[in-house]
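Asks: My numbering puts the first residue of the sequence shown at 101, with every later residue one more than the last.
So that we are looking at the same thing, I have put the structure below in structure tokens.
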Amino acid sequence: MFELLRRLFPGSEPERPPDDRHLVLEREQIVALLMRASRHHVLFSVRLPAERNLFSTALLGIYDEHQFIILDELTPEQGHQLLSEGMTLRLSGRLEGVELSLTTRLLEIRVQNGVAYYKTSLPESLDHRQKRSAYRIPARSSGISFHALRGKGLRQILRGHVNDLSREGAGIILAEEILLYQGEVLPSCIISVPGEGEISFSLEVCFCSRNPQRRVTRVGGRFKMIDPVSQQKIRRCLNRMERAQARRLIGA
């Protein structure tokens, strides 16, 4: 699409793929992400108030029932000397290539066998963002329906429509409030594309956000287990949507 827009509007710069930024507010998702970060031994950079230097730490434990987490001793060691209880810590790291950041409050400094560790508050939110490698085309007006079967013995049927589409994934609006977990895979998904028929694939959930006012759920995901024929259908569908979008830009 960028090449087409460049020809239509000489001298203009193509739109860059946007940052897929998601503020995680659901406590279950926050805990699940922190558990994944702990299992993957994510190294977090730590920013302290009024301090220009960055320090490093790692997650040692997540205690959801008591609403606190445990962090390893800061390195370099002078960071430990700067800490005081009640201080706000800002952490950022990369979980499986995706930027993950959070804010937590230092509750208690502890030392065991000469090694310090920190009890801090369970964060109220996480900022989870990823640079998309493929531009997503708005698909709200395309009438692409979505049906999926949730796995792990739940046998739950999900229904909705495609909100945006790319070569690598899709944004879905589900017609109900439901909590899906980041990293969860919907094993059997079908979208019905006008002019192409049904396309089947598995979808890995990247984020999930519920809207109680509208009683819907917004889901973003990556295609998994998609065959070459289905990929070709998606490419043709994207080409048609790109041409339609270009015509609207010309007529604007």
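Note that CB positions come from ideal geometry on N, CA and C, so glycine has one too.
The model shown is predicted, which means the values in this text are computed figures rather than measured ones.
Just reading off the alpha helix (DSSP H) that GLY179 is part of, what are its end residues?
Replies: 178–181 is the span of the alpha helix (DSSP H), which, as asked, contains GLY179.
Asks: Under 9 Å, do HIS261 and ALA275 count as touching if we go by C-beta distance?
Replies: Yes. Within cutoff.
Asks: Taking buried to mean at least 16 other C-beta atoms within 10 Å of its own C-beta, is LEU202 buried or exposed?
Replies: Buried.
Asks: Can you grab the Cα-Cα spacing for the pair ILE130 / SER225, in whole Å?
Replies: Using only the alpha carbons, I get a separation of about 7 Å.
Asks: Skipping 5 residues on each side, what residues in its chain have a beta carbon closer than 8 Å to that of GLU75?
Replies: The displayed coordinates of the chain run from 101 to 352. Any statement about residue 75 would go beyond what the structure contains.
Asks: Short of 7 Å in beta carbon distance, which residues of its chain neighbour ARG147, apart from the five on each side in sequence? Order them along the chain.
Replies: Excluding residues within five positions, the ones whose Cβ falls inside 7 Å are LEU154, ARG190.
Asks: Below 8 Å, how does it come out for the region 292–303 and the region 326–341: are there three or more Cβ pairs, yes or no?
Replies: Flag = yes, the region 292–303 and the region 326–341 touch.
Asks: Looking at the structure shown, is ILE273 part of a helix, part of a strand, or coil, going by DSSP?
Replies: In the structure shown, ILE273 sits in a strand (DSSP, three-state: E or B).
Asks: Please name the residue in ARG267, THR188, PRO287 whose C-alpha comes closest to that of GLY251.
Replies: Nearest of ARG267, THR188, PRO287 to GLY251, Cα basis: PRO287.
Asks: In this structure, does DSSP put HIS166 in helix, strand or coil?
Replies: The answer is helix: DSSP assigns HIS166 an H, G or I state.
Asks: So for LEU134, helix, strand or coil by DSSP?
Replies: Reduced to three states, the DSSP call for LEU134 is helix.
Asks: By Cβ distance, which residues of its chain are closer than 7 Å to PRO223, with the 5 residues on each side in sequence left out?
Replies: Result list for PRO223: ILE130, LEU202, THR203, THR204, in chain order.
Asks: Quick check on this structure: which residue in ALA344, GLY193, ASN263, CYS306 has the alpha carbon closest to the alpha carbon of LEU143?
Replies: Closest by alpha carbon: GLY193.
Asks: If you draw a straight line from the alpha carbon of ARG314 to that of ILE278, how long is it in whole angstroms?
Replies: If I take the Cα positions, the gap works out to 12 Å.
Asks: Just how far apart, CA to CA, sit CYS308 and VAL211?
Replies: So the alpha carbons of these two residues sit roughly 38 Å apart.
Asks: What is the rounded straight-line gap between the Cα of THR175 and the Cα of SER156?
Replies: Approximately 5 Å between the Cα atoms of the pair.
Asks: Using a threshold of 9 Å, state whether the C-beta atoms of ARG318 and GLY271 are closer than that.
Replies: Closer than 9 Å, so yes.
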